[in-house]
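Undergrad: Below you'll find the structure I mean.
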Amino acid sequence: MTERAETAPRRVSIFGSTGSIGRNTLDVISHLGGRDAYKVLAVSGKGNTDLLARQAKECGAEIAVTADETRYGDLKQALSGSGIEAAAGKAALIEAAEREVDWFMAGIVGMAGLAPTLAAAGRGADIALANKECLVSAGELFHREIESGGGRLLPVDSEHNAIHQVFDNSQRHSIERIILTASGGPFRSLNLDEMAAVSPDMAAAHPNWSMGVKISIDSASMFNKALEMIEAMHLFDMRPDQIEVIIHPQSVIHSMVGYSDGSVLAQLGTPDMRTAIGYSLAYPKRPSLPIERLDFARLARLDFDAPDESRFPSLGLARRAMEAGGLSGAILNGAKEVALEAFIDRQIGFLEMADIVENVMDKLGTGGEAISIEAVYEADDTARLLARELVANRSARPLVN
Ligand code: NDP
Ligand code: MG
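Counting in the working numbering, the sequence shown runs from 1109 upward without gaps.
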């Protein structure tokens, strides 16, 4: 990365700008000086080309990319006369991600985020990582790409961001455990029969956080926490047995680190992703943000509960993937993405998502060693194929709503 004058605006790209993380990122940038402080190079989206074009014009981006080639005409039209370049498709996304920036928001949802984020990492950008699939599927390979590029990896997922804030690298040897907090989602207190009958709309209504549909449903099934366990293992180089999960319905403690003297350090705040985004953007400084401050008197209490793995088998599946290593993370994630789509499309019920993932993991084992990104994509493809077969073969049972 070339040296730049202190006063020059920081060059940033926001991938997944039309999503929940992306919109919050643009909001944080506007609070931290907007165009005077940041030069937005690229923004990206997929289906929402109107918003993408509007964002590109508002922040003065050089290029806007939609992942959907069929939307190229819409995007070009919406940007006509603005001087902003329009592009579409996976290759265009990677090409835009390779354009040199200081900071890159990885806010694309799912495995689709891996290739552009790897491209930006290889070019030396600091990676603000919201997308979890990069680490879940490609763990060490992703780290290697960051190292070869020379940028920093700054976690945005609120739990990992919290851990980053209280993880004292100079005392690494005395860190015993990481405790990920989980809200437990909207079905925390439902029994298995009730859970079997929930609809995608019910699952998408998260009690504390406002997020994209997929991550909200993953929170309800705790597959989100499952991905986060694997993500934490890779991010902080922990053993599987050092990662714990505790249900904390208020989502005020965003996660904790336990040290060998018995101390537990935690990061707290109101549930607002802009804290984590701002932290990653201003790091190592603390930005000034209009986040609602915690009022402890009003909070009055914080609750904790052990997770029930019989109702949330996703956590056990994550532990299994962490212990097995190899390509297990890619397999778990690929199968999970297919099962999630099938649940959203009402092809399978809520509890069947975990059944499908477990079945795929049983059949594919570790999938071999994660020797290359190609191997990761192959494991992902195989897992998806098998998961699709399982979805298609499931007994034709009427589903709710
Ligand atoms: P959203 O669904 O709100 O947004 C997803 C973004 O990715 C949109 O810009 C969408 O474009 C784009 N996108 C969708 N599919 C593709 C594809 N195939 N190729 C390229 N781009 C695509 O998701 P979130 O913002 O909630 O989440 C983004 C990532 O951050 C996820 O990995 C999530 O797990 C993680 N995360 C999110 C948190 C949150 O609070 N939202 C918290 C912690 C992590 P379009 O909308 O135009 O179709
Ligand atoms: Mg999270």
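We put the CB at the ideal spot given by N, CA and C, even for glycine.
1) Flag S1291 as yes if its beta-carbon sits less than 8 Å from any beta-carbon of chain D, otherwise no.
2) Using three-state DSSP, classify E1302 as helix, strand or coil.
3) For A1462, which residues from the same chain have a beta carbon less than 6 Å from its beta carbon, with the 5 sequence-adjacent residues on both sides left out?
4) In whole angstroms, what separates the C-alpha of E1336 from that of G1189?
5) Whole angstroms are fine: how far does the CA of A1161 sit from the CA of R1285?
6) Based on the DSSP output, what are the partners of I1354 in its beta bridges?
7) According to DSSP, is D1413 helix, strand or coil?
8) Taking just the CA atoms, how far does A1408 sit from V1499?
9) Quick check: is any heavy atom of the ligand NDP less than 7 Å from the C-beta of A1186?
10) Taking 8 Å as the threshold, find out whether the segment 1151 to 1169 comes into contact with the segment 1123 to 1139 through three or more Cβ pairs.
11) Suppose contacts are defined by Cβ-Cβ distances below 8 Å. Is E1241 in contact with L1222 by that definition?
12) Among L1459, I1361, T1474, E1400, whose alpha-carbon lies nearest the alpha-carbon of R1427?
13) Under 7 Å, CB to any heavy atom of the ligand MG. Which residues pass, going along the chain?
14) Out of E1255, W1211, G1434, point me to the one whose CA is closest to R1118's CA.
15) Report the rounded CA-to-CA distance for P1506 versus G1457, giving the unit in angstroms.
16) Going by DSSP, name the residue or residues bridged to T1174.
17) Just to confirm before moving on: does the CB-CB distance between H1251 and P1263 stay below 8 Å?
18) Okay, do the segment 1352 to 1364 and the segment 1287 to 1299 touch, 3+ Cβ pairs below 8 Å being the bar?
19) Quick check: what's the CA-CA separation for G1293 versus L1376?
20) Of the residues G1197, R1131, N1269, which one's Cα is nearest the Cα of P1392?
21) Return the bridge partner residues of S1363 from the DSSP annotation.
22) Please state if the CB of G1442 and the CB of V1244 are separated by a distance shorter than 8 Å.
23) Are three or more beta carbon pairs between the segment 1382 to 1396 and the segment 1301 to 1316 nearer than 8 Å?
24) Under the three-state reduction of DSSP, which class applies to M1213: helix, strand or coil?
25) Flag this pair as yes or no: are the beta carbons of I1137 and A1164 separated by less than 8 Å?
26) Run through the segment 1214 to 1293 for me and flag every whole beta strand (DSSP E) of 3 or more residues, listed as ranges in chain order.
27) Between A1175, Y1180, L1183, which has its C-alpha nearest A1205's C-alpha?
28) Per DSSP, what kind of secondary structure is S1480 in: helix, strand or coil?
29) So for Y1391, helix, strand or coil by DSSP?
30) Check this for me: beta carbons of P1379 and R1296, under 8 Å apart or not?
31) At which residues does the alpha helix (DSSP H) containing S1121 begin and terminate?
32) Kindly identify the DSSP beta-bridge partner or partners of Y1180.
33) Run through the DSSP bridge pairs and tell me what K1147 is partnered with.
34) Comparing alpha-carbon positions, which option in R1382, P1315, L1187, Q1185 lies nearest R1131?
TA: Working from what's here:
1) As a matter of chain content, chain D is missing from the structure shown, which is built from one protein chain.
2) The count along the sequence shown starts at 1 and reaches residue 1302 at position 194. Look at E1302 here: in three-state DSSP terms it is helix.
3) Against the sequence shown, residue 1462 aligns to sequence position 354. Cβ within range, chain order: P1421, S1422.
4) Translated into the one-based positions of the sequence shown, residue 1336 becomes position 228. Translated into the one-based positions of the sequence shown, residue 1189 becomes position 81. E1336 and G1189: Cα-Cα distance of roughly 43 Å.
5) For the purposes of this step, residue 1285 is identified with residue 177 of the sequence shown, where counting begins at 1. For the purposes of this step, residue 1161 is identified with residue 53 of the sequence shown, where counting begins at 1. So the two alpha carbons sit approximately 44 Å from each other.
6) As a first step, residue 1354 must be located in the sequence shown, where it is residue number 246. Answer is T1289, bridged to I1354.
7) Translated into the one-based positions of the sequence shown, residue 1413 becomes position 305. Reduced to three states, the DSSP call for D1413 is strand.
8) Stepping through the sequence shown from its first residue, residue 1499 is reached at position 391. Stepping through the sequence shown from its first residue, residue 1408 is reached at position 300. C-alpha separation (whole angstroms): 45 Å.
9) Residue 1186 sits at position 78 when you count from the first residue of the sequence shown. No.
10) For the pair of segments examined, the segment 1151 to 1169 was found to touch the segment 1123 to 1139: the number of CB pairs separated by less than 8 Å reaches three.
11) As a working mapping, residue 1241 is identified with position 133 in the sequence shown. As a working mapping, residue 1222 is identified with position 114 in the sequence shown. Cβ atoms of E1241 and L1222: closer than 8 Å.
12) Counting from one through the sequence shown, the residue named residue 1427 turns up at place 319. Proximity to R1427 across L1459, I1361, T1474, E1400 peaks at T1474, based on C-alpha coordinates.
13) Listed by position along the chain, the residues with Cβ atoms less than 7 Å from a non-hydrogen atom of the ligand MG are D1265, S1266, E1267, N1332, E1336.
14) Walking along the sequence shown from the start, residue 1118 turns up at place 10. Of E1255, W1211, G1434, the residue nearest in Cα terms is W1211.
15) For the purposes of this step, residue 1506 is identified with residue 398 of the sequence shown, where counting begins at 1. For the purposes of this step, residue 1457 is identified with residue 349 of the sequence shown, where counting begins at 1. Since pLDDT at P1506 reaches only 45, below the 50 mark, its modelled position is unreliable, and no value is offered.
16) In the sequence shown, the residue the question calls residue 1174 occupies position 66. In the DSSP assignment, T1174 is bridged to G1153, A1196.
17) Translated into the one-based positions of the sequence shown, residue 1251 becomes position 143. Translated into the one-based positions of the sequence shown, residue 1263 becomes position 155. No.
18) These segments touch.
19) Locating residue 1293 in the sequence shown gives position 185, counting from the first residue. Locating residue 1376 in the sequence shown gives position 268, counting from the first residue. Approximately 19 Å, taken between the alpha carbons.
20) Residue 1392 sits at position 284 when you count from the first residue of the sequence shown. Of all alpha-carbon atoms in G1197, R1131, N1269, the one lying nearest the alpha-carbon of P1392 is that of N1269.
21) As a first step, residue 1363 must be located in the sequence shown, where it is residue number 255. Looking at the DSSP output, S1363 sits in a beta bridge with Q1375.
22) Position 136 of the sequence shown, counted from the start, is the residue given in the question as residue 1244. Position 334 of the sequence shown, counted from the start, is the residue given in the question as residue 1442. Between V1244 and G1442, the CB-CB gap reaches or exceeds 8 Å.
23) At 8 Å Cβ cutoff, the stretches do not touch.
24) Reading the sequence shown from its first residue, position 105 is the one you call residue 1213. DSSP places M1213 within a strand segment (E or B) once states are collapsed to three.
25) Taking the first residue of the sequence shown as 1, we reach residue 1137 at position 29. Taking the first residue of the sequence shown as 1, we reach residue 1164 at position 56. Not in contact: I1137 and A1164 (Cβ atoms no closer than 8 Å).
26) Qualifying beta strand (DSSP E) stretches, in chain order: 1234 to 1237, 1261 to 1263, 1283 to 1290.
27) Within the sequence shown, the letter at position 97 stands for residue 1205. If we check each option's Cα against that of A1205, A1175 comes out closest.
28) Position 372 of the sequence shown holds residue 1480. Here S1480 sits in coil by DSSP.
29) As a working mapping, residue 1391 is identified with position 283 in the sequence shown. Y1391 falls in the coil class under three-state DSSP.
30) Mapped onto the sequence shown, residue 1379 falls at position 271. Mapped onto the sequence shown, residue 1296 falls at position 188. Not in contact: P1379 and R1296 (Cβ atoms no closer than 8 Å).
31) Start at 1 with the first residue of the sequence shown, and residue 1121 comes out as number 13. No alpha helix (DSSP H) holds S1121; the beta strand (DSSP E) holding it covers 1118 to 1123.
32) Taking the first residue of the sequence shown as 1, we reach residue 1180 at position 72. Beta-bridge analysis with DSSP links Y1180 to no other residue.
33) By one-based count along the sequence shown, residue 1147 stands at place 39. According to DSSP, which records beta bridges pairwise, K1147 is partnered with R1119.
34) Your numbering for residue 1131 matches position 23 in the sequence shown. For R1131, the nearest C-alpha among the options comes from R1382.
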